[in-house]
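Here is the structure we will look at, set down as structure tokens.
Protein chains: 2
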Amino acid sequence: MHPSADPPTVDIQSLSRSCNRLLILATLSSGPHHGYQLALELEERSGGAFRFQHGTLYPILHKLESEGLIRGDWDEESGRRRRKSYRLTAAGRQHLEAQEVGWRVFFERFFHVLGGGKP
Amino acid sequence: MHPSADPPTVDIQSLSRSCNRLLILATLSSGPHHGYQLALELEERSGGAFRFQHGTLYPILHKLESEGLIRGDWDEESGRRRRKSYRLTAAGRQHLEAQEVGWRVFFERFFHVLGGGKP
DNA sequence: TCTACTATGTAGAGGCTCGATATATAGAGA
DNA sequence: TCTCTATATATCGAGCCTCTACATAGTAGA
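Structure follows, in structure tokens:
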């Protein structure tokens with residue numbers, strides 16, 4: 001374990017990536033979801049503004065799982081295509097909280113510069 | 120001219136690109152700058168948080184110029200390497216204002232979802 | 001002369017999202 | 001029964017963007 005993993009910083013070059021990951025983690029923070037439903041709920045929560053293509057969604061889910069931020073378990077129900085249920089891990093919840101702070105800091109700086117950069 | 124150019128929307132997949140372009144336009148809104156100085160000023164304005172690599176900066180400047188959002192003129196001063204001075208065009212100023220609204224809308228939606236998506 | 005700073009520019013590498021495609025199951029309707 | 005639609009997961013190639021590194025060039029100072 002590093003002394004200070006997850007410093008609350010968001011850098012410009014990974015904004016999209018960070019944003020997508022955070023939206024997924026935030027949606028999972030209200031309870032387990034499987035991938036398809038996650039996309040539907042996110043679209044509903046955002047009033048249609050945020051939408052995941054599944055070519056985007058699944059690779060991110062696999063990545064988050066390999067990083068230990070979420071955990072996926074196969075649901076085997078008869079009469080159904082099997083599906084994978086993802087839930088937030090403790091590390092994932094920590095990451096979510098740290099990154100949310102990072103985004104707020106980023107926004108403050110961004111609009112500060114847009115407003116002319118005066119103190 | 121399209122009926123509604125520059126709709127104030129910011130989409131996730133082009134966040135970094137949009138952010139970089141906007142930071143440049145915002146810095147130019149306080150007066151003409153040449154590229155090198157633009158990067159220095161932006162770094163100063165943001166307290167070191169936002170920094171342009173020049174392999175990033177110059178291609179964006181050329182793109183913005185080709186789109187008519189900024190205009191560049193060569194300064195020819197003796198005893199100096201020649202440098203190009205960029206200024207915001209009217210279209211650039213419009214774009215800046217529209218995109219700033221787009222970013223605010225994006226942020227509201229983003230934190231709305233992060234907060235649980237309740238109305 | 002060598003180094004450092006100002007100043008602009010390009011090429012290649014790598015990362016990320018998107019659209020398309022593939023696979024699989026269940027229910028509705030013709 | 002056959003087909004279409006919705007649910008559900010997964011991968012691949014194209015395209016875009018930024019970064020690192022390299023290339024160029026003038027001036028000032030050691």
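Chains as they are written, first to last, in our numbering: chain A, 1 to 119; chain B, 120 to 238.
Every residue, glycine too, gets a C-beta built ideally from N, C-alpha and C.
Through-space distance from residue j to residue i, alpha-carbon basis
i: A39 (chain A); j: T89 (chain A); result: 19 Å
i: N20 (chain A); j: S165 (chain B); result: 25 Å
i: T128 (chain B); j: L183 (chain B); result: 18 Å
i: L69 (chain A); j: E43 (chain A); result: 22 Å
i: R109 (chain A); j: S66 (chain A); result: 32 Å
i: P59 (chain A); j: R51 (chain A); result: 15 Å
i: L134 (chain B); j: L57 (chain A); result: 17 Å
i: W74 (chain A); j: L28 (chain A); result: 16 Å
i: A217 (chain B); j: H153 (chain B); result: 24 Å
i: G55 (chain A); j: Q13 (chain A); result: 21 Å
i: G116 (chain A); j: S149 (chain B); result: 7 Å
i: E219 (chain B); j: A91 (chain A); result: 34 Å
i: Y36 (chain A); j: R80 (chain A); result: 14 Å
i: Q172 (chain B); j: I143 (chain B); result: 13 Å
Extent of the continuous beta strand (DSSP E) to which residue i belongs
i: I131 (chain B); result: Taken as a continuous stretch (DSSP letters only), I131 (chain B) belongs to no beta strand (DSSP E), as it is neither H nor E.
i: G191 (chain B); result: 189 to 194
Close Cβ partners of residue i (< 6 Å) along its chain, the five nearest in sequence each way excluded
i: E195 (chain B); result: R201
i: K212 (chain B); result: According to the sequence displayed, residue 212 (chain B) carries Arg and not Lys. So no residue of the chain qualifies.
i: S18 (chain A); result: V10
i: L114 (chain A); result: none
i: F106 (chain A); result: V10
i: A125 (chain A); result: Nothing about residue 125 (chain A) can be read from this structure; chain A reaches only from 1 to 119.
Chain B contact for residue i (CB, 8 Å cutoff)
i: A91 (chain A); result: no
i: R45 (chain A); result: yes
i: E100 (chain A); result: yes
i: G55 (chain A); result: no
i: Q13 (chain A); result: yes
i: L88 (chain A); result: no
i: G35 (chain A); result: no
i: L23 (chain A); result: yes
i: L61 (chain A); result: no
Terminal residues of the alpha helix (DSSP H) in which residue i lies
i: R104 (chain A); result: 90 to 114
i: A39 (chain A); result: 35 to 45
i: S66 (chain A); result: 54 to 66
Nearest residue (CA-CA) to residue i, options the options
i: A145 (chain B); options: B:G235, B:H214, B:V224, B:F229; result: B:H214
i: L61 (chain A); options: A:E41, A:R87, A:G48, A:R80; result: A:R87
i: W103 (chain A); options: B:A210, B:F230, B:Y155, B:R199; result: B:F230
Proximity test, Cβ basis, 8 Å: residue i and chain A
i: A158 (chain B); result: no
i: G167 (chain B); result: no
i: L188 (chain B); result: no
i: S135 (chain B); result: yes
i: L183 (chain B); result: no
i: L161 (chain B); result: yes
Sequence-distant residues of its chain with Cβ nearer than 8 Å to residue i (five each side left out)
i: S204 (chain B); result: P151, H152, H153, G191, D192, W193, D194
i: L22 (chain A); result: L96, Q99, E100, W103
Own chain residues within Cβ distance below 7 Å of residue i, not counting five before or after
i: E41 (chain A); result: T27, H33
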